[in-house]
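**Q**
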Amino acid sequence: MTDCLFCRMVAGEIPADVVHETERTLAFRDINPQAPTHVLVIPKDHHATAGLLVGADPELLAEVVAAAHAVAVQEGLATESAPEPGYRLVFNSGPAAGQTVHHVHGHVLGGRDLGWPPG
Ligand code: 5GP
Ligand code: ZN
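Whatever position you read off the sequence shown (first residue = 1), add 3 for this note's numbering.
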């Protein structure tokens with residue numbers, strides 16, 4: 004039993020709208036979408052941030068990024084070889100970035116002009 008929301012989704016204790024899954028990653032739609040496509044991609048193992056994950060298991064961070072790109076292709080935001088129309092992959096880390104769930108997750112955002120810089 005864990006109190007981590009995303010670990011509980013991996014365990015199937017909390018429902019998730021899953022759009023992509025591999026042996027070690029899970030991707031599901033954000034409950035409060037900020038763009039037409041807003042999918043969260045996580046490693047099934049618990050690590051708090053991308054920076055901690057890359058130190059502990061760099062291959063797993065690469066798998067999360069590969070899964071994020073696969074989601075973008077699936078959602079029509081990119082092809083295997085070209086970033087058109089394009090998407091954003093964001094890892095919020097720590098309080099200044101507004102991280103609220105302390106299980107590393109990449110936000111895949113797309114389907115509108117996302118603008119830059121972010122607010
Ligand atoms: P953070 O601010 O930590 O980078 O992002 C956490 C994200 O998790 C937010 O975009 C928030 O909407 C999403 N979220 C929080 N609770 C749930 C939930 O129960 N289900 C889903 N699918 N997303 C959630
Ligand atoms: Zn967790």
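Note that CB positions come from ideal geometry on N, CA and C, so glycine has one too.
#1: Tell me Ala-30's beta-bridge partners as DSSP assigns them.
#2: Can you tell me whether Val-111 is helix, strand or coil according to DSSP?
#3: Is there contact between the region 25-35 and the region 43-54, where contact requires at least three CB pairs shorter than 8 Å?
#4: If you reduce the DSSP assignment to three classes, tell me which class Leu-92 lands in.
#5: Under the three-state reduction of DSSP, which class applies to Leu-56: helix, strand or coil?
#6: If I measure Cβ to Cβ from His-106 and keep anything under 8 Å in the same chain, skipping five residues before and after, which residues do I get?
#7: Please indicate yes or no: does the CB of Phe-9 lie closer than 6 Å to some heavy atom of the ligand ZN?
#8: Could you tell me if the beta carbon of Asp-6 falls within a distance shorter than 6 Å of some heavy atom in the ligand 5GP?
**A** Quick look at the numbers:
#1: His-23, Val-44
#2: strand
#3: yes
#4: strand
#5: helix
#6: Cys-7, Leu-8, Phe-9, Cys-10, Ile-45, His-49, His-50, Ala-51
#7: yes
#8: no
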